[in-house]
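S.K.: Dropping the structure in here first, questions after.
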Amino acid sequence: MVSTKKRRRKGKVNRKLAAQESQERLVKILVGSARSDVYLMESSVRHIAKLSRRHRLAVPQTVRHLYCRNCLQPFRHGVNVRTRIHAGQRVVTCLSCKSVRRFGGGPKFHRKPR
Ligand SMILES: [Zn+2]
Numbered sequence: 002m003v004s005t006k007k008r009r010r011k012g013k014v015n016r017k018l019a020a021q022e023s024q025e026r027l028v029k030i031l032v033g034s035a036r037s038d039v040y041l042m043e044s045s046v047r048h049i050a051k052l053s054r055r056h057r058l059a060v061p062q063t064v065r066h067l068y069c070r071n072c073l074q075p076f077r078h079g080v081n082v083r084t085r086i087h088a089g090q091r092v093v094t095c096l097s098c099k100s101v102r103r104f105g106g107g108p109k110f111h112r113k114p115r
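Each residue of the sequence shown is one higher than the one before, counting from 2 in the working numbering.
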């Protein structure tokens with residue numbers, strides 16, 4: 002007889018593995034569909050974000066920059082996103098929900114010497 006405890010732990014590992022696999026598949030779909038099929042991009046972004054939150058997976062860095070974290074819209078440059086360099090930072094503004102994200106360490110004189 003298999004104890005329920007053991008079975009549950011195995012299920013957890015399987016769940017995480019399955020989630021990782023699904024995430025990879027979704028990332029391929031998103032990257033492959035970029036700029037061609039808006040509907041496909043929207044739905045794959047939504048699924049990636051939901052899946053990663055539910056299973057506490059990190060979203061790959063390449064994909065993290067492809068959509069708005071707030072409203073889950075895929076970024077289409079020149080259409081729904083404004084990108085500016087301001088004081089050494091990349092400032093990305095989502096034009097559908099007006100949320101702003103800043104990337105990079107800021108001006109050079111603010112960075113700590115390594
Ligand atoms: Zn947004």
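Here a beta-carbon is modelled for each residue, glycine too, at the ideal position from N, C-alpha and C.
My understanding is that C95 touches Q74, with C-beta atoms under 8 Å, so please give their C-beta distance in whole angstroms.
M.R.: Locating residue 95 in the sequence shown gives position 94, counting from the first residue. Locating residue 74 in the sequence shown gives position 73, counting from the first residue. At roughly 7 Å, the Cβ-Cβ gap stays under 8 Å, so C95 and Q74 are in contact.
S.K.: Would you call the segment 16-25 in contact with the segment 51-58, where contact means no fewer than 3 C-beta pairs closer than 8 Å?
M.R.: Pairwise C-beta distances place the segment 16-25 in contact with the segment 51-58, as three or more of them are shorter than 8 Å.
S.K.: Is DSSP giving V93 helix, strand or coil here?
M.R.: Reading the sequence shown from its first residue, position 92 is the one you call residue 93. The answer is strand: DSSP assigns V93 an E or B state.
S.K.: Between R103 and Q90, is the Cβ-Cβ spacing less than 8 Å?
M.R.: Numbered from its first residue, the sequence shown carries residue 103 at position 102. Numbered from its first residue, the sequence shown carries residue 90 at position 89. Yes, these two residues count as a Cβ contact at 8 Å.
S.K.: V39: buried (16+ other C-beta within 10 angstroms of its C-beta) or exposed?
M.R.: Locating residue 39 in the sequence shown gives position 38, counting from the first residue. So V39 ends up on the exposed side.
S.K.: Taking 7 Å as the cut-off, does the CB of Q74 come closer than this to any heavy atom belonging to ligand 1?
M.R.: Counted from its first residue, the sequence shown places residue 74 at position 73. Under cutoff, so the answer is yes.
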